[in-house]
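Asker: Take a look at the following structure, please.
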Amino acid sequence: RKEVEQDPGPFNVPEGATVAFNCTYSNSASQSFFWYRQDCRKEPKLLMSVYSSGNEDGRFTAQLNRASQYISLLIRDSKLSDSATYLCVVIGNYGQNFVFGPGTRLSVLP
Amino acid sequence: NAGVTQTPKFRVLKTGQSMTLLCAQDMNHEYMYWYRQDPGMGLRLIHYSVGEGTTAKGEVPDGYNVSRLKKQNFLLGLESAAPSQTSVYFCASSYSGGWTEAFFGQGTRLTVV
């Protein structure tokens, strides 16, 4: 089993839609979680950290379920500019490095 | 405003040739990383460093070597390039390991023919 798994995608949604991405991780000792965004042929950039209590940043909401080892990202009112690959990231190796999921690609259509 | 800078941006190598990829960061970060990204595989950690003079192996270290002689620089070497090393290579740095944001360079597209 891979350390971090994500919905395979791609997700093609119309503008204004709500879309949710799921991520599962295998290391129950993981303590830190992130969502990164990667545009085509660009470097990954931090979208948001994921806190135990869940957190929201504008149209984006991240949730963590430690018991199920599951992380989610909800995007409301999708914009064309949200089209990208979303990477689930889990801290690994006693906090020294980042373990990336394979990513889920989102295309928001006009 | 430089952040993390990688050189070169593109490179084509012949099988068996060697090369060094340079990563430089100006944020005084302790931690630096080299990842490779292949279609369908996501980002995989090659080597990383938790401070000047230190290096450690990641998930896919074979065929690569690294050095961190200065805090701001992290070098990735390919001693004898193979077609399987065709990939996009990303360098990243962070202040406090996996507990803080990782900042990435723009990537190096390497093709080995």
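Order-wise, the sequence lines are chains G and A.
Using the working numbering, read the first sequence as starting at 1 and increasing by one per residue.
Using the working numbering, read the second sequence as starting at 1001 and increasing by one per residue.
Just so you know, even glycine gets a beta-carbon here, dropped at the ideal spot from N, CA and C.
Report the residues of the stretch 72 to 92 of chain G with a CB closer than 9 Å to any CB of chain A, ordered along the chain.
Answerer: Listed in chain order, the positions of the stretch 72 to 92 of chain G with a beta carbon within less than 9 Å of a beta carbon of chain A are Leu87, Val89, Val90, Ile91, Gly92.
Asker: Just how far apart, CA to CA, sit G:Phe33 and A:Cys1091?
Answerer: By 1-based counting over the first sequence, the position of residue 33 of chain G is 33. By 1-based counting over the second sequence, the position of residue 1091 of chain A is 91. Near 20 Å, if we compare the C-alpha coordinates of A:Cys1091 and G:Phe33.
Asker: By the 10 Å Cβ neighbour count, where 16 or more other Cβ atoms means buried, how is G:Ala29 classified, buried or exposed?
Answerer: Working through the first sequence from its first residue, we reach residue 29 of chain G at position 29. Note on G:Ala29: under 16 other CB atoms within 10 angstroms of its CB, so exposed under the neighbour-count rule.
Asker: With a threshold of 7 Å between beta carbons, is A:Ala1102 in contact with chain G?
Answerer: Start at 1 with the first residue of the second sequence, and residue 1102 of chain A comes out as number 102. Yes, because at least one Cβ of chain G sits closer than 7 Å to the Cβ of A:Ala1102.
Asker: Less than 7 Å between the beta carbons of G:Pro102 and A:Gly1042, yes or no?
Answerer: Sequence index remark: in the first sequence, residue 102 of chain G carries index 102 (1-based). Sequence index remark: in the second sequence, residue 1042 of chain A carries index 42 (1-based). Taking 7 Å as the Cβ cut-off, G:Pro102 and A:Gly1042 qualify as a contacting pair.
Asker: Compute the Euclidean distance between the alpha carbons of A:Gly1077 and A:Leu1045, then round it to the nearest angstrom.
Answerer: On the second sequence, position 77 is the one that residue 1077 of chain A refers to. On the second sequence, position 45 is the one that residue 1045 of chain A refers to. If I take the Cα positions, the gap works out to 14 Å.
Asker: Are the stretch 76 to 96 of chain G and the stretch 1069 to 1076 of chain A touching, with three or more C-beta to C-beta distances below 8 Å?
Answerer: no
Asker: What residues of chain G sit near A:Val1060, judged by a beta carbon separation below 7 Å?
Answerer: The sequence position of residue 1060 of chain A within the second sequence is 60, counting from 1. None at all; the shortest Cβ gap to chain G is about 13 Å.
Asker: Provide the residue(s) that pair with G:Pro44 in DSSP beta bridges, ordered along the chain.
Answerer: Counted from its first residue, the first sequence places residue 44 of chain G at position 44. Answer is G:Gln38.
Asker: Less than 7 Å between CB atoms is the rule here; does G:Ser32 satisfy it with respect to chain A?
Answerer: Counting from one through the first sequence, the residue named residue 32 of chain G turns up at place 32. Closer than 7 Å to some Cβ of chain A, the Cβ of G:Ser32 qualifies, so yes.
Asker: Using the rule of at least 16 other Cβ atoms within 10 Å of the residue's Cβ for burial, across every protein chain shown, is A:Leu1069 buried or exposed?
Answerer: What you label residue 1069 of chain A is simply residue 69 of the second sequence in a count that begins at 1. Answer is exposed; the Cβ neighbour count stays below 16.
Asker: Would you kindly check if the distance between the Cβ of G:Phe98 and the Cβ of A:Gly1098 is under 7 Å?
Answerer: As a first step, residue 1098 of chain A is located in the second sequence; it is residue number 98 there, counting from the start. As a first step, residue 98 of chain G is located in the first sequence; it is residue number 98 there, counting from the start. In this structure, G:Phe98 lies closer than 7 Å to A:Gly1098 by Cβ.
Asker: Closer than 9 Å, Cβ to Cβ, to anything on chain G: give me those residues from the stretch 1024 to 1056 of chain A, in chain order.
Answerer: Correct list: Tyr1031, Tyr1033, Tyr1035, Gln1037, Gly1040, Met1041, Gly1042, Leu1043, Arg1044, Leu1045, Tyr1048, Val1050, Ala1056.
Asker: Just to confirm the assignment, what range does the beta strand (DSSP E) spanning G:Asn65 have?
Answerer: Here the question's residue 65 of chain G lines up with position 65 in the first sequence. Run containing G:Asn65: 60 to 65, per the beta strand (DSSP E) assignment.
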